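What follows is a single structure, written as structure tokens, with notes after it.
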Amino acid sequence: MTNRLQDTMISTAQLKPESQFARPAAHLIASIRGALPGPTLIILGGIHGNEPAGVLAAERVWLRMQKRRAVLRGEVVLLRGNTRALEQRVRYINADLNRQWTAENVRTAELEQGTPEVSELLEQNELLIVIREAINRALGEIYFLDLHTTSAHGQPFATVGDTLRNRRFALNFPLTIVLGLEEQIDGTLLEYANNLGAITMGVEAGQHEAMTSVDNHEAVIWIATVATENFRREDLPELDKSRSVLKRASGGEKVVEVRHRHAIVPDDHFEMEPGFKNFQAVRRGKILARDRVGAIKASETGLILMPLYQALGDDGFFLVREVKLFWLRLSALLRKLKVGHYMHLLPGVRRDPLNENCLIINTRIARILPLQVFHLLGFRRLRWTDKYLVVSRRSYDLVRPTKFVF
Ligand SMILES: [Zn+2]
């Protein structure tokens, strides 16, 4: 079973004996069901075990929510992510829990009998149980918030898979919105929930150990409960304070897109140059890091995001660039007009015969119609080889599914 995941470093034999058994209940911080029907808001903290701020924020708020059940619509579910890694304050035990949520992996996890030997497969099975229960109870829209922190210091920000429904939700928060991060990383839980039809948002609240990260996550949680309409704004005295906490901490409400990811493996001996912060401006050619081959320079002028200052992780840093309001409005218009449905009529662009939501684009055409055009129309990049660019249309860009099939 270990061959499904790379990075098998510590065996589960080194875990405490009681933690080798499935314990889905350990993931549930609280489930607060309102007296009135409404949407479901699922909030997850600590999918990375060295990022406890989201869990601490959820533990701060749940009792106050519980006391207001009479005016709560729908349900708020607060969850712990990687419980065994959280106990040890490490990012993960055997493998990154936020890289294994491909549809295929989830199907395999369900078919497997017995207890997996990889700690994170056990965690995934447990989380599937509690998330599925919440989705099965849901009567309205489903929202999914994933709370993280970074190894570098800097302003909090939101990561958003670029559907119009996600954008609309994310604009409720006074945060910088980062589009396209999920395109760079496979198997995240948010992308999985997004493909099911949930409205999703990730939040990076600040540095792992900073208490302000807990404050920022708390503010995000309260604002989310109003953005989803779980609470009416007049029933939530915390709202104004939460907005000002986030406003003060964040670097404004711009929208940026990911342009470049510097992927790393342990053998690279990657080391970031000291002192970089999230959203720090860098010029093309500036030395950002070093590895065993030599200096790593910025491939273009932009803003640096999530420079890696910890041992574990496979993203060295990202480069992002601001997206102007004009382009956001244009893409919303083009998507509402469903222009993406006609792209296969262009020369050099064809539908994948196995998946009608995928387009296969000849790279000769991809040079004329670059990836950004497909982004505008609501596609995400799947692969880019010598001959082809493959993109897929996001399933629930404009409307939610009639039924959630988990
Ligand atoms: Zn994280």
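Residue numbers (the working numbering): 28 to 433.
Ideal placement from N, C-alpha and C gives every residue a C-beta, glycine not left out.
As the structure is a prediction and not an experimental result, all values here were calculated from the model.
- Assignment of Thr190 by DSSP, reduced to helix, strand and coil, places it in the coil class.
- Taking 7 Å as the cut-off, the C-beta of Glu147 does not count as close to any heavy atom of ligand 1.
- Asp341 sits in coil when the DSSP states are folded into three classes, being neither helix nor strand.
- Residue state for Tyr415 is assigned as strand, using DSSP reduced to three classes.
- Taken through DSSP and simplified to helix, strand or coil, Asn152 comes out as helix.
- A heavy atom of ligand 1 is found nearer than 7 Å to the CB of His175.
- Rounded to whole angstroms, the gap between the alpha carbons of Ile388 and Val366 is 16 Å.
- In the DSSP assignment, Val104 falls within the beta strand (DSSP E) that extends over 100 to 107.
- In chain order, Ser419, Arg420, Ser422 place their CB closer than 8 Å to the CB of Asn384, counting only its own chain and leaving out the 5 sequence neighbours on each side.
- Using a 10 angstroms sphere on the CB of Gln127, the tally of other CB atoms reaches 16 or more, which defines it as buried.
- Looking only at Arg378, Gly405, His54, Val103, the smallest Cα-Cα distance to Glu114 is reached by His54.
- Glu300 and Asp341 have their alpha carbons spaced roughly 17 Å apart.
- Contact between the stretch 93 to 110 and the stretch 147 to 156 is present, with at least three C-beta pairs closer than 8 Å.
- With a threshold of 7 Å, the Cβ atom of Glu78 counts as near ligand 1, since some heavy atom of the ligand is closer than that.
- Relative to the non-hydrogen atoms of ligand 1, the Cβ of His75 comes within a distance shorter than 7 Å of at least one.
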